[in-house]
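Mapping to UniProt numbering: the sequence shown position 151 is 151, numbers consecutive. For each residue, glycine too, the CB sits at the ideal point set by N, CA and C. Single-structure report; data block below.
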Amino acid sequence: MCAPQYNTCELSDRVLVFDIMSDDWETATILNSVTATEADDEMPASVSLENSSIKRSLEETEEPQLKRIKTSTEKQDMKSFEMTAQYESGNQNESGNFQECEQAENEIQELACEQAENKQIGSPSSQELPGEKSASPYPPSSIQRRDPLRQHKIYIHSLWLSVQSTYFRSLLHSSGMKETHDAEVHIKIPESEENAHLNLLEAMYHGDILNDKTVDELLAVLELADKYDVKFVFKICKYILQKNATTFGISTKIMHVIKVKHNMNDVEDLAETLQLVLARAFSPLDQNWQSKKFANLSEPSLKYLLSSNDLIVVSENTVFHALMHWIEQNAVDPGSLEETNDLLSVVRFKLITIDYLYNVIKNHPIATKMPQFNQLFLDGMIYHAIPSEQKKMLREQPVQRKKSEGKVFVHTYLLNKERFYGLNEKLVANLHLEAFWACGYKMSIILIKAENNRYYYPHLTIHNLNLESLIPLKCLVVETKTSSSNLQEETFTLFSCRKKFTLPISPKDFNTLQTCTLHVAVAPL
1 MCAPQYNTCE
11 LSDRVLVFDI
21 MSDDWETATI
31 LNSVTATEAD
41 DEMPASVSLE
51 NSSIKRSLEE
61 TEEPQLKRIK
71 TSTEKQDMKS
81 FEMTAQYESG
91 NQNESGNFQE
101 CEQAENEIQE
111 LACEQAENKQ
121 IGSPSSQELP
131 GEKSASPYPP
141 SSIQRRDPLR
151 QHKIYIHSLW
161 LSVQSTYFRS
171 LLHSSGMKET
181 HDAEVHIKIP
191 ESEENAHLNL
201 LEAMYHGDIL
211 NDKTVDELLA
221 VLELADKYDV
231 KFVFKICKYI
241 LQKNATTFGI
251 STKIMHVIKV
261 KHNMNDVEDL
271 AETLQLVLAR
281 AFSPLDQNWQ
291 SKKFANLSEP
301 SLKYLLSSND
311 LIVVSENTVF
321 HALMHWIEQN
331 AVDPGSLEET
341 NDLLSVVRFK
351 LITIDYLYNV
361 IKNHPIATKM
371 PQFNQLFLDG
381 MIYHAIPSEQ
391 KKMLREQPVQ
401 RKKSEGKVFV
411 HTYLLNKERF
421 YGLNEKLVAN
431 LHLEAFWACG
441 YKMSIILIKA
451 ENNRYYYPHL
461 TIHNLNLESL
471 IPLKCLVVET
481 KTSSSNLQEE
491 TFTLFSCRKK
501 FTLPISPKDF
511 NTLQTCTLHV
521 AVAPL
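Spelled out as C-alpha cells, the structure:
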C-alpha cells in the first residue's frame, strides 16, 4: 500500500533526514569533549596562583611569558590594595575615594577578562612559545567540525517503518525522546554507509531494487538490516546472496560478514549454501589441505568446511591432520581456547582408523590441549571396541562423508632425465623423491634400481613409525591415472615400512619421452 508513495509528501507523516558525517566524526566528537574537559581542569591551576606562597615557588620554574602575566596581575592587585587603604584612612573625600575604588575595580575586571581570553583556543596570547609542548595531547588537526557534510531528506510513513523494524518502532513511537514528536527526524550516519542506508530505506518500500545490486552492496544492506532489525529486507538480501554465492571468493566474503565481522542469527540457510561451495572448492581434501587458500580460511569457514557431508576425503584421518595444520599455520594456542570452543568436534572421531587414534592422536601435542579432546577421543576408541553387530544397533550412527566417484591420487611426481643421471652422467643407485601426506601419515616414494641396472621399481615408504605401529592401507602407484587398476592391500610396521610395486621404469625411455609422471593413491583398509 505504501510502496507507490515512497518519498512523496502527499501521504507521508514524517521526514527522515540522514545527516551524512565524516567517517571519523564520532572520534572527533570524543576528542572535542576530552579537550573541553582538559580546558576546564586548567582553571583551578590559574586561580591557585593567587596564593602568594605557591606563587613564589612557581616563579622559579615557570616560563618567562607566564611570569610577565603574573607580574602584571600582582601590580594591579597592589594598586587596588593601596587605593582601598587610602579610602579607609579618610585621606581623600568620599566622592573621590568612590571614583578611585570604582576605577580600580574596573581595571581588575578588565585584566581578568584579558587573562580569560588568553586561555581560549586560537587566541594569539595562547600560542606556544618555541620549544613549548601543547597542553592537550591531541593535535589541532584531530579536532574536526561536527556539521553534516550533506543531508538526505526522505518522506516516510512512520507506521510502515514501524511494522518492519523494531528499531524504527521505538524511535518514532515509543522511545519517549523528541523523535517521537518531531515531524523531522534526524539520524547521523558515516559517509561510508551513505549508499547502504539509502538502499535499505528504499528496499523497505521496493524490495526488488536489490536484485541488481552487487555482492558488496547487498552485504552492506544486510548489515544494516540486521542492525535495525528490518526482517523483510534481511530475508531478501539472504535470498539474493544465496543465488550469487557461486565462487570461493564470494562465499568467503559473505562468510566473513555473517560469521566473523558479525555473528548473525537466522543465517543458517545462507551458511549451508556457502558450506556447499567451500566443500566443492576443497574436494578432495587430500589434495588441497596444504594450499595457502586453506591456511587463510577464517575459523567459521574452516568449521563449515570440515563439518560438511559433501566434502570428499579419502580418510577421516586427513580431516584431523588438516585441522592441526591450520592451527599451526595460524599460530592458534590450543591452551587458550575456551571450554565452549567446538573446533575439534568437526572431526568425526568414530570414522578415524583405530591405528591412527592410537599411534598419532592419543599423544598429539596440539589436540590433547584442546577442549573436549578427552571425550571425543574416548568416543572414537569405544566405537572401535564395539563389535560390528552391536554398532548397527547404535541410535547415533557416524555420518559418512561423500565418496569420490573414482580413485583419489593424493600425490603426483613429475620425473625427468636429470633426476636419474648425476653430474657424471651415470645412473644413480636409488632416487629418493619428496615426501607427501596420505591418511594422516608422512610418506614418500623411493625408486630403487634393479639388479640388472635396466629398470627402477617404486617403493612406497611410511616415515616416523614407532615400535607399536600397525597400519593397514590400500595403495597404488601408476604412470597414468586409471580407475581400472585395483589398490593393493598392505600392512605397514616399523620393521616393514616399505611396499614394492611392480612398475618398471626404464631411464632409456627418457631419451625419447623426456618425462614420466607417477600418480600415488592411498586409502585406509
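Helix, strand or coil for residue i? Go by DSSP, reduced to three states.
i: THR368; result: helix
i: CYS516; result: strand
i: VAL230; result: strand
i: TYR205; result: coil
i: ARG401; result: coil
i: ASN374; result: helix
i: ARG146; result: coil
i: GLU396; result: coil
i: CYS439; result: coil
i: GLU489; result: strand
i: LYS153; result: strand
i: ILE189; result: strand
i: ASP13; result: coil
i: ALA85; result: Confidence at ALA85 is low in this model, with a pLDDT of 44, below 50, so its placement is unreliable and no value can be given for it.
i: ILE254; result: helix
i: LEU323; result: helix
i: CYS497; result: coil
For residue i, is the classification buried or exposed, using 16 other Cβ atoms within 10 angstroms of its Cβ as the cut-off for buried?
i: ILE445; result: buried
i: PRO504; result: exposed
i: SER469; result: buried
i: GLN375; result: exposed
i: LEU467; result: exposed
i: THR318; result: buried
i: CYS9; result: exposed
i: ALA438; result: buried
i: LYS391; result: exposed
i: GLU88; result: Model confidence at GLU88 stands at a pLDDT of 45, short of 50, so the residue's coordinates are unreliable; what they give is reported in the following sentence. It is exposed - the Cβ of GLU88 has fewer than 16 other Cβ atoms within 10 Å.
i: ILE240; result: buried
i: LEU161; result: buried
i: ASN359; result: buried
How many angstroms separate the CA atom of residue i from the CA atom of residue j?
i: SER388; j: LEU394; result: 10 Å
i: TYR455; j: ASN416; result: 15 Å
i: GLU223; j: VAL257; result: 8 Å
i: LYS253; j: ALA295; result: 16 Å
i: GLU26; j: ASN330; result: 34 Å
i: ARG309; j: LYS402; result: Checking the sequence, you will find Asn at residue 309 rather than Arg. Each residue's Cα considered, the two are about 6 Å apart.
i: LEU494; j: ASN464; result: 8 Å
i: LYS407; j: SER483; result: 6 Å
i: GLU339; j: ALA183; result: 51 Å
i: ARG14; j: ALA220; result: 25 Å
i: HIS459; j: SER315; result: 22 Å
i: LEU427; j: PHE420; result: 6 Å
i: PHE377; j: LEU343; result: 14 Å
i: residue 527; j: GLU268; result: Summary: the structure shown does not reach residue 527, with the chain confined to residues 1 through 525, and so no result is reported for it.
i: ILE154; j: PRO334; result: 52 Å
i: SER506; j: LEU270; result: 54 Å
i: ILE312; j: VAL346; result: 14 Å
i: LEU414; j: LYS227; result: 54 Å
i: ASP286; j: PHE436; result: 10 Å
i: THR247; j: HIS262; result: 21 Å
i: LYS369; j: LYS362; result: 11 Å
i: ASN486; j: TYR457; result: 18 Å
i: residue 539; j: LYS235; result: Because the chain in this structure spans residues 1 to 525, residue 539 falls outside the shown range and cannot be described.
i: LEU278; j: TYR304; result: 8 Å
i: LEU476; j: CYS516; result: 16 Å
Please list, in chain order, all residues of the same chain as residue i whose beta carbon is under 6 Å from its beta carbon, the five residues on each side excluded.
i: ILE462; result: TYR441, MET443, PHE492, CYS497
i: TYR383; result: LYS350
i: GLU202; result: ILE209
i: LEU168; result: Checking the displayed sequence, the identity of residue 168 turns out to be Phe instead of Leu. The residues are LEU161, SER162.
i: GLU194; result: ILE20
Look at residue i and residue j and say whether their C-beta atoms are less than 8 Å apart.
i: LEU172; j: THR180; result: yes
i: LEU337; j: PRO371; result: yes
i: LEU198; j: CYS237; result: no
i: LEU351; j: PRO398; result: yes
i: VAL233; j: MET264; result: no
i: HIS186; j: VAL17; result: yes
i: LEU473; j: GLU451; result: no
Grab me the residues of residue i's own chain with a C-beta within less than 7 Å of its C-beta, minus the 5 sequence neighbours each way, in chain order.
i: MET381; result: LEU357
i: PHE409; result: LYS481, HIS519, VAL520, ALA521
i: MET255; result: LEU274, SER298, PRO300, SER301
Could you check if residue i belongs to the surroundings of the ligand MN, using beta carbon to heavy atom distance under 7 Å?
i: SER174; result: In the structure on display, the ligand MN does not appear, and there are no ligands present to speak of.
Could you pull out every residue in the same chain whose Cβ sits closer than 8 Å to the Cβ of residue i, ignoring the five residues on either side in sequence?
i: MET21; result: ARG146, PRO148, LEU149, LYS188, ILE189, PRO190, GLU191
i: ASN244; result: VAL215, LEU218, ILE250
i: GLU328; result: ILE366
i: ASP379; result: PHE349, LYS350
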